[in-house]
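The structure appears right after this line, and notes come after that.
Number of protein chains: 2
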Amino acid sequence: MASSEHISKQFDADLEAVRTRVLHMGGFVEEQIEKAIEALTTGNESLIENIIADDHRVNAMEVSIDEICSQIIARRQPAAGDLRMIMTVIKTITDLERIGDEAEKIARMAKLIYQTDRMHMPRFVEIRHVAHIALEMLHKSLDAFARLDLTAAAQVVREDEKVDEEFRSIMRQLITFMMEDPRKISTALEILFIAKAVERIGDHAKNMSEYVVYMVKGRDVRHVTVEEIEREVRD
Amino acid sequence: MASSEHISKQFDADLEAVRTRVLHMGGFVEEQIEKAIEALTTGNESLIENIIADDHRVNAMEVSIDEICSQIIARRQPAAGDLRMIMTVIKTITDLERIGDEAEKIARMAKLIYQTDRMHMPRFVEIRHVAHIALEMLHKSLDAFARLDLTAAAQVVREDEKVDEEFRSIMRQLITFMMEDPRKISTALEILFIAKAVERIGDHAKNMSEYVVYMVKGRDVRHVTVEEIEREVRD
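Chains as they are written, first to last, in numbering that gives the first Met the number 0: chain A, 0 to 234; chain B, 0 to 234.
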């Protein structure tokens with residue numbers, strides 16, 4: 000293991016601390032999404048305000064972890080696997096922060112929808128379904144990061160195709176809904192933006208899993224096919 | 000200047016080379032957007048296929064610059080301003096790559112629209128207008144990066160508010176258009192997604208300008224108000 004080569008035990012402690020912080024940030028972002036899904040179901044106003052108010056905490060975590068990574072680079076001159084871990088963290092927290100933004104957007108859309116039109120929410124069952132898939136992808140990506148689990152990482156990349164397909168299906172259904180009742184077009188668009196936010200959460204979770212493959216295998220798989228990634232993690 | 004402190008002239012050359020590569024990647028992404036705007040106007044099929052086919056070049060540039068940044072960190076142990084520059088590059092190329100994705104999306108939407116409905120393209124004038132603002136923001140962000148120009152960086156952050164406002168205005172107009180002619184809902188949604196892609200290009204350019212402020216001033220301004228950023232760059 001690379002860690003046995005470290006001159007300084009403090010270095011190991013630094014790396015472990017940064018990993019823990021990423022997982023903590025990830026856990027917090029997962030909660031934001033869970034709350035946003037609940038807000039879609041219930042329209043609970045104080046919950047919605049909570050999600051919106053808490054986004055700054057996600058932002059602060061990103062800034063703080065970036066700062067810690069800079070310090071580790073400046074003081075410890077990480078190389079090989081340690082450096083890949085730091086690079087992975089720098090990329091991962093950007094995606095986590097943007098997932099946090101999507102959770103906030105979903106909360107804001109839920110607020111709009113419940114303010115203007117409490118009845119006839121179309122496609123909410125489907126959106127909750129795909130949102131749970133995206134949440135599961137995020138959870139699995141964080142697990143893959145924590146345990147260096149390449150199989151889980153490859154699964155996430157594969158699952159993103161399912162999320163994209165669900166999004167297209169929801170969009171087709173919403174188009175039909177809008178054509179049947181043009182007075183509901185505004186609401187339908189808000190729902191479409193929620194579906195889009197969920198789809199983006201899937202994209203970010205996929206990015207995070209691709210970084211894990213890079214971290215473990217040293218190969219950058221961001222722009223290769225899912226089949227290649229599956230081959231890479233088997234080897 | 001920090002560079003005079005470098006023991007190795009090679010280090011200066013490395014930093015200069017990575018800066019040049021970022022600007023080259025940025026120039027290429029600008030061209031992709033310019034072509035995408037032209038594709039919206041003309042529906043030129045070979046142009047559209049070119050944009051789509053060239054996206055992999057943007058991806059390859061991102062992977063390659065990331066690799067170079069890793070090498071510089073491992074070999075040179077950058078600190079202070081040099082390290083902030085490397086961190087800025089790592090973040091910047093992620094946004095540039097995603098701007099490239101948006102250009103590709105615009106091209107794909109243009110293709111769909113011209114295949115299905117050559118007549119009555121609503122809001123194209125407005126979309127071209129806002130796309131030119133977003134393109135200008137990207138150009139200014141790259142200039143700010145090249146010249147360490149904080150005034151330009153702050154302007155970009157301010158201009159993003161204009162792009163967001165234009166997006167909301169286009170959306171309102173599209174809703175009216177859809178209500179008047181529900182048979183055009185599919186096409187209107189494709190146009191809405193183009194407007195959304197343009198809005199995201201603005202967001203990414205804003206991110207890039209915020210990194211420039213961090214690089215020059217050492218303060219992370221990603222999640223502060225535009226007024227605070229304007230104060231920061233004046234000081």
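Here a beta-carbon is modelled for each residue, glycine too, at the ideal position from N, C-alpha and C.
Taking 8 Å as the CB-CB cut-off, is residue i touching chain B?
| i | result |
| --- | --- |
| serine 69 (chain A) | yes |
| arginine 221 (chain A) | yes |
| leucine 14 (chain A) | no |
| aspartate 11 (chain A) | no |
| threonine 93 (chain A) | yes |
| glutamine 76 (chain A) | yes |
| arginine 218 (chain A) | no |
| valine 21 (chain A) | no |
| methionine 24 (chain A) | no |
| serine 2 (chain A) | With a pLDDT of only 46 at serine 2 (chain A), under 50, the local geometry of the prediction cannot be trusted, and no value is derived from it. |
| valine 162 (chain A) | no |
| valine 28 (chain A) | no |
Please report whether the beta-carbon of residue i lies at a distance below 8 Å from any beta-carbon of chain A.
| i | result |
| --- | --- |
| glutamate 226 (chain B) | no |
| isoleucine 184 (chain B) | yes |
| lysine 205 (chain B) | no |
| serine 7 (chain B) | no |
| valine 88 (chain B) | no |
| valine 215 (chain B) | no |
| leucine 188 (chain B) | yes |
| alanine 38 (chain B) | no |
| methionine 84 (chain B) | no |
| histidine 128 (chain B) | no |
| alanine 109 (chain B) | no |
| isoleucine 72 (chain B) | yes |
| valine 212 (chain B) | no |
| histidine 55 (chain B) | yes |
| isoleucine 174 (chain B) | yes |
| valine 62 (chain B) | yes |
| methionine 177 (chain B) | yes |
List the residues of chain E whose Cβ lies closer than 8 Å to the Cβ of residue i, in chain order.
| i | result |
| --- | --- |
| asparagine 58 (chain A) | This model lacks chain E altogether, as its protein chains are A and B. |
For a quick check, are the C-beta atoms of residue i and residue j less than 8 Å apart?
| i | j | result |
| --- | --- | --- |
| glutamate 101 (chain A) | isoleucine 200 (chain A) | yes |
| arginine 218 (chain B) | glutamate 198 (chain B) | no |
| isoleucine 169 (chain B) | alanine 153 (chain B) | no |
| isoleucine 47 (chain B) | alanine 130 (chain B) | no |
| lysine 34 (chain B) | isoleucine 50 (chain B) | yes |
| arginine 127 (chain A) | isoleucine 36 (chain A) | yes |
| isoleucine 89 (chain A) | isoleucine 64 (chain B) | no |
| methionine 86 (chain B) | proline 181 (chain A) | no |
| arginine 157 (chain A) | valine 225 (chain A) | yes |
| aspartate 81 (chain B) | leucine 14 (chain B) | yes |
| glutamate 29 (chain B) | leucine 147 (chain B) | no |
With a cut-off of 8 Å on the beta carbons, I'd call residue i and residue j a contact; round off their distance for me.
| i | j | result |
| --- | --- | --- |
| isoleucine 112 (chain B) | threonine 186 (chain B) | 6 Å |
| methionine 214 (chain B) | methionine 84 (chain B) | 6 Å |
| glutamine 31 (chain B) | aspartate 11 (chain B) | Going by Cβ atoms, the distance from glutamine 31 (chain B) to aspartate 11 (chain B) rounds to 31 Å, so no, they are not a contact pair. |
| valine 212 (chain B) | isoleucine 190 (chain B) | 34 Å between Cβ atoms; not a contact. |
| valine 124 (chain B) | lysine 139 (chain B) | About 23 Å; that fails the 8 Å criterion. |
| valine 62 (chain B) | histidine 222 (chain A) | 7 Å |
| isoleucine 274 (chain B) | valine 17 (chain B) | An answer regarding residue 274 (chain B) cannot be provided, because it is not within the stretch 0 to 234 covered by chain B. |
Exercise for the section: Count the C-beta pairs between the stretch 134-143 of chain B and the stretch 191-211 of chain B that are closer than 8 Å, then say yes if the count reaches three, no if not. Expected result: Verdict: yes, contact present.
Exercise for the section: Inspect the CB distances between the stretch 170-184 of chain B and the stretch 154-162 of chain A and report whether three or more fall short of 8 Å. Expected result: no
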